[in-house]
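Be aware that the sequence shown starts at 37, since it is given in my numbering, and climbs by one per residue. Cβ coordinates follow ideal geometry from the N, Cα and C atoms, glycine included. Note that the structure is predicted; figures quoted are calculated from it, not measured.
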Amino acid sequence: MKVLLVNGSPHHEGCTNRALLEVEKTLRENGIETENFWVGAKPVGGCMGCFRCGEIGKCVLQDGVNEFREKAYQADGFIFGSPVQYAGLSGNLKGFMDRLFFSEFQGNQNRAFYLKPAAAVVSARRAGTTTVYSQLLKYFTVQEMPVVSTRYWNMVHGMTAEEVEQDGEGLFNMRVLGRNMAYFLKCQEAARSVGIPLPEQEVPVFTNFVRE
Numbered sequence: 037m038k039v040l041l042v043n044g045s046p047h048h049e050g051c052t053n054r055a056l057l058e059v060e061k062t063l064r065e066n067g068i069e070t071e072n073f074w075v076g077a078k079p080v081g082g083c084m085g086c087f088r089c090g091e092i093g094k095c096v097l098q099d100g101v102n103e104f105r106e107k108a109y110q111a112d113g114f115i116f117g118s119p120v121q122y123a124g125l126s127g128n129l130k131g132f133m134d135r136l137f138f139s140e141f142q143g144n145q146n147r148a149f150y151l152k153p154a155a156a157v158v159s160a161r162r163a164g165t166t167t168v169y170s171q172l173l174k175y176f177t178v179q180e181m182p183v184v185s186t187r188y189w190n191m192v193h194g195m196t197a198e199e200v201e202q203d204g205e206g207l208f209n210m211r212v213l214g215r216n217m218a219y220f221l222k223c224q225e226a227a228r229s230v231g232i233p234l235p236e237q238e239v240p241v242f243t244n245f246v247r248e
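Written out as structure tokens, the structure is:
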């Protein structure tokens, strides 16, 4: 069983990374393999709504989004981390996730994410964390991903990684998240081992709010 941890901060070893490392340590202590993926500091373009992903099976833009999608097929769970920027997701992670989730939804019938557990981790100096937390959860629920929670909202506070070290409650919640994710993955593995099938799926229905 493997969890991919995504660092959506432009700072490779900043506050968001420190939070993810606490989760990762706990996952490994509970027998779960992990891999870190940094979105990077270079600009990530947003979704253009061209719908080409539905034709070619991946995003038309060739960058880390498609690289991550290939890794996602082999993963069992996901944790996406973001700093707060103007009470919202980091710009790079917003573009990354828009294209990642839309291209998978359009092009591959959700093979990478369907019923795989996911969690959001947010870091901030002071405020905006709950807004970003809610923003991230919307990606998961559209893709039928079970959301793994912790004892409180998954957030840490600090201006630097060293300051996050002082957020005892935040790091506690990261460890709870790691244990809960590990437990959920083991439950899924147990279900597979006794032959419990995935839910029956029906053909999706797409409508809008325009009526003649």
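Residue closest to residue i, alpha-carbon to alpha-carbon, out of the options
i: Tyr175; options: Phe141, Val75, Arg162; result: Phe141
i: Val120; options: Phe114, Ala111, Lys130; result: Lys130
i: Pro79; options: Gly50, Ile68, Lys94, Gly44; result: Gly44
i: Arg161; options: Phe220, Val200, Val184, Asn102; result: Val200
i: Asn190; options: Glu49, Ala55, Gly67; result: Ala55
i: Lys152; options: Thr62, Gly231, Asn128, Cys223; result: Cys223
i: His48; options: Gly90, Ile92, Lys94, Asn128; result: Asn128
C-beta atoms of residue i and residue j nearer than 9 Å
i: Gln202; j: Gly214; result: no
i: Phe116; j: Ala154; result: yes
i: Ala197; j: Cys51; result: yes
i: Gly124; j: Val168; result: yes
i: Glu69; j: Met37; result: yes
i: Asp99; j: Gly81; result: yes
i: Leu97; j: Arg64; result: no
i: Val158; j: Ser118; result: yes
i: Ala227; j: Gly67; result: no
i: Arg105; j: Ser139; result: yes
i: Val75; j: Phe137; result: no
i: Ser170; j: Asn216; result: no
Cβ neighbours of residue i in the same chain (closer than 8 Å, five flanking residues each side left out)
i: Arg187; result: Phe208, Asn209, Val212
i: Leu221; result: Met37, Val39, Ile68, Asp112, Gly113, Pro153
Residue burial classification, residue i (beta-carbon count within 10 angstroms, cutoff 16)
i: Cys86; result: exposed
i: Ser229; result: exposed
i: Val246; result: exposed
i: Val101; result: buried
i: Val192; result: buried
i: Gly206; result: buried
i: Glu58; result: buried
i: Thr62; result: buried
Own chain residues within Cβ distance below 7 Å of residue i, not counting five before or after
i: Leu40; result: Glu71, Phe73, Lys107, Ala108, Ala111, Phe114
i: Ala77; result: Pro46
i: Thr166; result: Trp189
i: Leu234; result: Leu151
heavy atom of the ligand NAP below 8 Å from residue i C-beta
i: Gly117; result: Among the components of this structure there are no ligands whatsoever, and the ligand NAP is therefore not found.
Close Cβ partners of residue i (< 6 Å) along its chain, the five nearest in sequence each way excluded
i: Tyr150; result: Glu180
i: Asn30; result: The requested residue 30 is not part of the displayed model; the chain covers only 37 to 248.
i: Cys95; result: Cys89, Val101, Asn102, Arg135, Ser139
Neighbour flag for residue i against chain D, beta carbons, 9 Å
i: Asn216; result: No chain D appears in this structure, which consists of one protein chain only.
Complete runs of the beta strand (DSSP E) confined to the stretch 189–235 [at least 3 residues]
191–193
What ranges does the beta strand (DSSP E) occupy inside the stretch 50–101, keeping only unbroken runs of at least 3 residues that lie completely in it?
69–74
For the stretch 110–185, list the beta strand (DSSP E) runs that are entirely contained and at least 3 residues long, ordered along the chain.
113–119, 154–160
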